[in-house]
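First up is the structure itself, then whatever we jot down about it.
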Amino acid sequence: MSGSLAQLGGRELTRTVYTAEEIGERVKAMGAEISESYGAGDDLLVVGLLKGSFIFLADLVRAIELPLHVDFLVASSYGPATVSSGNVQLLYDPEASLEERSVIIVEDIVDSGNTMNRLIPLLEERRPRSLEICALLHKRVTQLALEPRWVGFDAPNEFLVGYGLDFSESFRHLPYIGSL
Ligand code: IMP
Ligand code: MG
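Take any residue in the sequence shown, note its place counting from 1, add 43, and you have its number in the working numbering.
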């Protein structure tokens, strides 16, 4: 582990949890599973939840061998106040219409499940043909109203960074996932 990369933000990584190679293999396998789950006529829309999913989404869509469109959304679990209200606000809405499309929401990590539990009903209102979640990591500390159809790894209940995941905006660019 490179010292300079691993000590950003005044915090140190204690260990590597998933290497770049392990992530790469798993993401390729997830792409293959998704490719088998849909047909070429399914009008697939892959929606990345920013910012955490940006690297995962980039690798995942390149492993899906079907025609698809990519869009993004930004959800904030914080209202105008600085305390978590448990409400989800859409700060950026996908440009694409979800109606009658096969939609996959791509999330970096499921922790308390609050984000997904509140986001999914909002998106269901837009009447997609189908709506599925693909999460790279799932801490399994909670059950979602809609469980992800695809999960990369059942993650330890630790604070993980890298491969898109941040601690106060640092560490997102690490090619591997580590624990603080
Ligand atoms: P939830 O709403 O508690 O499921 O949390 C989901 C969001 O919290 C994720 O999309 C992440 O942005 C963030 N998060 C939760 N756990 C971690 C972690 O271990 N490392 C970095 N971000 C996390
Ligand atoms: Mg975050």
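Positions of the beta carbon are idealized from the N, C-alpha and C atoms, including for glycine.
Spatially closest choice to residue 190 from 201, 168, 178, 80, by CA coordinates:
178
Return the first residue and the last residue of the alpha helix (DSSP H) that residue 163 is part of.
157–167
Residues bridged to residue 93 [DSSP beta-bridge criterion]
117
Taking 7 Å as the cut-off, is the beta-carbon of residue 202 closer than that to any non-hydrogen atom of the ligand IMP?
Residue 202 Cβ: within cutoff of the ligand IMP.
Strand pairing of residue 66, partner residues [DSSP]
Paired residue(s): none; residue 66 is not in a bridge.
Is it right to say residue 144 is buried, meaning 16 or more other beta carbons lie within 10 angstroms of its own, or is it exposed?
With 16 or more other Cβ atoms inside 10 Å of its own Cβ, residue 144 counts as buried.
What is the DSSP secondary structure of residue 151, counted as helix, strand or coil?
The answer is strand: DSSP assigns residue 151 an E or B state.
In three-state DSSP terms, what is residue 75?
helix
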